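Shown next, in structure tokens, is the structure this report addresses.
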Amino acid sequence: MKGVRLAGVNDVKAMSYVHARTWKEAYDKFIPREYLSNISDDGWIPLFTRAFVYNVHEAAVYEMDDLITGTITYGKDRSDAGCDDCDEGEIISLYVLPEHWSTMQGFELTKFAVERLKIQGCKSCYLWVIKENERAVNFYRRFGFINTMEVNTVFYAGQGVVVEKYAMNLI
Numbered sequence: 001m002k003g004v005r006l007a008g009v010n011d012v013k014a015m016s017y018v019h020a021r022t023w024k025e026a027y028d029k030f031i032p033r034e035y036l037s038n039i040s041d042d043g044w045i046p047l048f049t050r051a052f053v054y055n056v057h058e059a060a061v062y063e064m065d066d067l068i069t070g071t072i073t074y075g076k077d078r079s080d081a082g083c084d085d086c087d088e089g090e091i092i093s094l095y096v097l098p099e100h101w102s103t104m105q106g107f108e109l110t111k112f113a114v115e116r117l118k119i120q121g122c123k124s125c126y127l128w129v130i131k132e133n134e135r136a137v138n139f140y141r142r143f144g145f146i147n148t149m150e151v152n153t154v155f156y157a158g159q160g161v162v163v164e165k166y167a168m169n170l171i
């Protein structure tokens, strides 16, 4: 198989590996190395397992020749947890193994997630991206996301990293 499919609990090990590998390469200029070096390939397994078991959000994977090379997580806006009539979705994470960057996998995964959010009744969606991560910022802009000018600071190993909110209408 080659392409995007919904992920399940059997995919959590591969999804965690994709996250770990991609974080270490994509964020090496933005997040302290001491933080990145402590990320294990299995570090996200408990988080993904809980998400699937308790239906917290959905995920999809990009699969090539029985190998998962990319993953995206998405769902209803997490800041509105417990809201039954929420109509805003969130792309929580998007990661593709570095050797598969610029192969349209990120685009295909994002397109899949946006369609799933529409099916779930979302009228818009948003995501947070590291402000200085030009590669990611340019990708999301090309996809149609617009900078909302809302910023936040996330701390990794004591270092503040500025993230910006990007949003897109789905209707």
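Note that the sequence shown covers residues 1 to 171 in UniProt numbering. Even for Gly, the Cβ is constructed at its ideal location relative to N, Cα and C. Please read all numbers here as calculations on a predicted model, not as lab measurements.
- Query: When you compare only the Cα positions, how much space is there between Y54 and A136?
  - Reply: Using only the alpha carbons, I get a separation of about 30 angstroms.
- Task: Count the CB pairs spanning the region 93-100 and the region 66-74 that are closer than 8 angstroms, and state whether there are at least three.
- Result: yes
- Message: Could you give the first and the last residue of the continuous beta strand (DSSP E) run that contains I39?
- Response: I39 -> no beta strand (DSSP E), and no H or E assigned at all.
- Task: Just mark D11 as buried or exposed, buried being the case when its beta carbon has 16 or more other beta carbons within 10 Å.
- Result: Here D11 is buried. Its C-beta has 16 or more other C-beta atoms within 10 Å.
- Measure the C-alpha to C-alpha separation of T103 and K111 and round it to an integer number of angstroms. 14 angstroms
- Item | C-alpha gap between A7 and A59, whole angstroms | 5 angstroms
- Item | Beta-carbon proximity check, G3 vs E63, cutoff 8 angstroms | yes
- Should K29 go down as buried or exposed, given a rule of 16 or more other Cβ atoms within 10 Å for buried? exposed
- Message: Going by the DSSP bridge assignment, what does W128 pair with across the sheet?
- Response: K165
- Run the CB neighbour count on S16, radius 10 Å, all protein chains shown included, and call it buried at 16 or more, exposed below. buried
- Message: Looking at the strands, I want to know which residues DSSP matches up with V154.
- Response: V161
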